[in-house]
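Here is the structure we will look at, set down as C-alpha cells.
The following block contains the structure:
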C-alpha cells in the first residue's frame, strides 16, 4: 500500500510499504476513505531529527472495515467506521470514567499511521465506531472531525463545564480552537470570545458561534478581554499549547473560573501559585481528549445538518499530494487538509 | 484593650492598644470569646522582618457582638457570632457563586487582628454568622473551627468533589489536613489515606475517619500510596503548601483525578505539562476557602455532636500566654492553641 512517512523535519514522502495485517484477535484492518493532516503533525515537521526509516504519520481516519480478528464483535467487513485517535478497550475503569486516553489496557495507545491506504486497528471493539450505512458522502469531512479535532474541542468545553449563560474565551484559531467555539455554543455559552488573528479562521469562528474576536495577544489581549467581560471569562479553553497561551489563559480567566487545556503543552512548568491560580480559586484541567466517549453524543447533530464541523477543511488532497499539504498548512496557506482516497 | 502584636520573626507580644471603633455604617464590634493561633501564623513567625510598629495577629474568632453600625441588620448587640477569616459582602457575583474570598466589594479583605479582646468587623452582615443563643460552652472550640480550619478542610474536599466510594489521599497532618479527612468522610469517601508522620496527629486523623496512614514522604510515600490504591487516589487534598507536597500530590493522584489545594502555595511555578497533569487529564484546583459559605452547612453536625472538629485544639491558653503558644506550635509540642478569654 501507499503510506506517508516523515524522514526528518520538512521531509515528508509517500511511499509503498507492506500492507498491515491482523496480529491479535482483537485487531481490525480498515481501508481508509478519508484522513487528514493535524496541527500536531507540524511539531515533527518542525523538529524531527533524521530517521533511518521513515516515521509513519497520521492519526485521524474513517474508512471501511476490511478484515477483523476472531474476537472483534462490534464491527465487521464492509462497515463504515470512524476511529478515535487513541485506541483503547473502552471497558477498563478509566475508560468507564470517560478518560479513554488513560486506558489501562497494555495494548492501548495512539494511532500514527493513518495517512495511508490501510491501517491496523488494535482493540477494534473499543476504538471503532460504526457509522450509519449509506451516509451522504458530503458528510464525510464532518464525520472525520469526530476522530480528533471536534472531540478535542468538545473535551475542552466539557472539562470546563461550559453551561448556559457562561462567558467563554477560546485561545487559538486552529481547527481545535474553532471547534471549541462550536462546542461551547452547543453547550449553551452566552458569549464566546475567540482570541486569534487570522481573519479567514476567525470568520469561520464567528460562523461557529463566536460573538467577539480579539486579535491582540499578551497583555494587550488580556486587557481587552477583561474589559469586554467586566473582569474575565468564566471558562477559558486553551487550544494552542505554547506557554504564552497559558499565560494568556491565566490573564483572562475570571475569579472562580476554569482554564481547560487541550493544546498539548510544549512546556512543563508554569505559574500555579497564589498570584496566578490559587489566590482566585482557578481550576486548571484538560488533557488528551477521550474522543471515543464523545462520538455518540456529537454524531446526531452532524447527521441532521445542525452543525458542520467539516468546514475546518479548506483543501482536499490525494494521498500523493500529502507532502504539499504539510507545506501549505505550515505556511498557513490553509487551515487543515483533508485526504480523499 | 489587650492585643497580640508581632514585631519580627519569633517576637510576639501582648500589649495594650486602643479599642477598635465602628468606622463605617456596615461595621460591627465584637468582644472575642474564643480565638486561636493558625499554622499560617507561623509563616511570619519564621520570616517577618523587623517592624517599627507591631503587626496585629490572628484571623479566627467567635464572640459576642458589642456594637453595630446603623446599616447592620443581621446581628445585634448580645448575639453570639462566628466570623469567616475573610470579610465580604456575601451578595456580589463572586460571593453568590460561592467564592467569598474573591468578593469584589472594595472593603472586602482578610482579618488580621483577632488575637485580641475586641475586633472591628467590616461588612458585618456578610461576615458574621449568628450562633444559637445559649449554646453549650463545650461546643465553642468546634464552633471556632468554622472560622477557618474546618471550612478550609471542607473546601478542599468540596473542590475535589469527593463523593461516595472515592479513594482520597490527604497530604498534611496539620489542623486543616485532619479536618480535610473529617470532611472527606462526611462526603462519603470510602478510603482515606492520610499522609503525615506525627503519630499523635495521625491518630486523631484515624479518629476523624482516615482508613490508612502513610508516614513516608517523597518517592517512597508516592510508591506506597500508588500500591495501596492500585494506581493512585481519585482525589488528593493538599493541605501543606510547600512544593514537595505539590510534587507528592502529582505522584499519588489517579488518572482523571483531582488535586485540590488549600495549603497556601509557598511557590509560584510548578509542573503542569504532559508528564505531570496534562497527559493524565488531572484537574488542579483549590484556593483560599470561602468558609462563610460553609458555616450553615457544617453547623448542624457540630450542634448535634456528630462531629467534634474542636479536637484539633490540644492546648488552651489565656491571651497573655499567646507568645508561648506560638513557640509551642512552632516546636510541634502542640497541634493548635485555643485562646479562651
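Chains as they are written, first to last, in the numbering used here: chain U, 6 to 346; chain C, 6 to 346.
A virtual CB, placed ideally from N, CA and C, is assigned to each residue, including glycine.
Handout entry: Presumed contact (8 Å Cβ cut-off) between residue 122 of chain U and residue 7 of chain U, rounded CB distance
Key = Contact flag correct, Cβ pair sits at about 5 Å.
Practice task
State the Cα-Cα distance for the pair residue 56 of chain C and residue 322 of chain C, rounded to the nearest angstrom.
Solution key: Spanning the alpha carbons of residue 56 of chain C and residue 322 of chain C requires a straight line of approximately 26 Å.
Problem - residue 72 of chain C: first and last residue of the uninterrupted beta strand (DSSP E) it sits in - result: Note, residue 72 of chain C: beta strand (DSSP E), 66 to 73.
Exercise for the section: Tell me whether residue 21 of chain C is buried or exposed, calling it buried when 16 or more other Cβ atoms sit within 10 Å of its Cβ. Expected result: So residue 21 of chain C counts as exposed.
Practice task
Round the Cβ separation of residue 265 of chain C and residue 282 of chain C to the nearest angstrom and send it over; I've been treating them as touching at under 8 Å.
Solution key: No, residue 265 of chain C and residue 282 of chain C are not in contact; Cβ-Cβ is about 13 Å, not under 8 Å.
Practice task
Note down, in chain order, every chain U residue with its Cβ under 8 Å from the Cβ of residue 107 of chain C.
Solution key: Near residue 107 of chain C (Cβ distances below 8 Å), the residues of chain U are 260, 261, 285 and 286.
Handout entry: Any chain C beta carbon closer than 8 Å to residue 272 of chain U
Key = Output row for residue 272 of chain U: interface = yes.
Practice task
Could you please give me the residues that DSSP links to residue 115 of chain C through a beta bridge?
Solution key: Note: residue 115 of chain C sits in a beta bridge opposite C/91.
Practice task
Would you please verify whether the beta carbon of residue 116 of chain C is less than 8 Å from any beta carbon of chain U?
Solution key: no
Exercise for the section: Between the Cα of residue 293 of chain U and those of U/174, U/153 and U/127, spot the shortest distance and give me the residue it belongs to. Expected result: Closest by alpha carbon: U/153.
Practice task
Look up residue 205 of chain C in the DSSP assignment and say whether it is helix, strand or coil.
Solution key: The DSSP-derived three-state label of residue 205 of chain C is helix.
Exercise for the section: Please go through the same chain and pick out, in chain order, the residues whose beta-carbon is closer than 8 Å to the beta-carbon of residue 215 of chain U, but skip the five residues on each side of it. Expected result: 175, 186, 197, 198, 199 and 207
Handout entry: Rounded separation between residue 367 of chain U and residue 228 of chain C - CA only
Key = As shown, chain U starts at 6 and ends at 346. That puts residue 367 of chain U outside it, with no answer to give.
Practice task
Measure how close the beta-carbons of residue 70 of chain U and residue 80 of chain U come, nearest whole angstrom, since I'm counting them as under 8 Å.
Solution key: The Cβ separation is near 5 Å, so the contact holds.
Exercise for the section: From the DSSP output, in three-state form, read off residue 43 of chain C for me. Expected result: Coil, per DSSP.
Problem - First through last residue of the alpha helix (DSSP H) which encompasses residue 155 of chain C - result: 154 to 164
Exercise for the section: Kindly indicate if chain U contains any beta-carbon less than 8 Å away from that of residue 266 of chain C. Expected result: yes
Problem - Inter-residue CB distance, residue 284 of chain U and residue 164 of chain U (contact presumed, cutoff 8 Å) - result: At roughly 22 Å, the Cβ-Cβ gap does not stay under 8 Å, so residue 284 of chain U and residue 164 of chain U are not in contact.
Problem - DSSP state of residue 276 of chain U mapped onto helix, strand, coil - result: strand
Problem - Neighbour flag for residue 289 of chain U against chain C, beta carbons, 8 Å - result: Using a CB distance cut-off of 8 Å, residue 289 of chain U counts as an interface residue toward chain C.
Exercise for the section: Assign residue 28 of chain U to one of two classes, buried (16 or more other C-beta atoms within 10 Å of its C-beta) or exposed (fewer than that). Expected result: exposed
Practice task
Examine chain U for any beta-carbon lying closer than 8 Å to the beta-carbon of residue 102 of chain C, and answer yes or no.
Solution key: Yes, residue 102 of chain C lies at the interface with chain U (some Cβ there is under 8 Å from its Cβ).
Practice task
State the start and end residues of the unbroken beta strand (DSSP E) segment that holds residue 197 of chain U.
Solution key: 196 to 200
Practice task
Compute the distance between the beta-carbons of residue 92 of chain U and residue 140 of chain U, then report whether it is under 8 Å.
Solution key: no
Handout entry: Three-state class that DSSP yields for residue 109 of chain C in the structure shown
Key = coil
Exercise for the section: Quick one: measure Cβ to Cβ for residue 274 of chain U and residue 275 of chain C, integer angstroms, because I've assumed they're closer than 8 Å. Expected result: 6 Å
Problem - Element boundaries [beta strand (DSSP E), containing residue 264 of chain C] - result: 258 to 266
Handout entry: Beta carbon of residue 263 of chain C nearer than 8 Å to that of residue 240 of chain C
Key = yes
Handout entry: Contacting residues, own chain, Cβ-Cβ under 6 Å from residue 305 of chain C (five flanking each side not counted)
Key = none
Problem - Same chain, Cβ closer than 7 Å to residue 115 of chain U, five either side skipped, listed in chain order - result: 64, 90 and 91
Problem - Boundaries (first-last residue) of the beta strand (DSSP E) holding residue 304 of chain U - result: No beta strand (DSSP E) holds residue 304 of chain U; the alpha helix (DSSP H) holding it covers 300 to 308.
Problem - chain U contact for residue 99 of chain C (CB, 8 Å cutoff) - result: yes
Exercise for the section: Would you please verify whether the beta carbon of residue 158 of chain U is less than 8 Å from any beta carbon of chain C? Expected result: Not flagged as an interface residue toward chain C: residue 158 of chain U, since no C-beta distance is shorter than 8 Å.
Problem - DSSP state of residue 51 of chain C mapped onto helix, strand, coil - result: helix
Problem - Residue from U/149, U/15, U/320 and U/145 whose Cα sits closest to the Cα of residue 296 of chain U - result: Of the listed residues, the one whose Cα sits closest to residue 296 of chain U is U/149.
Problem - Where residue 84 of chain U sits in the DSSP three-state scheme - result: coil
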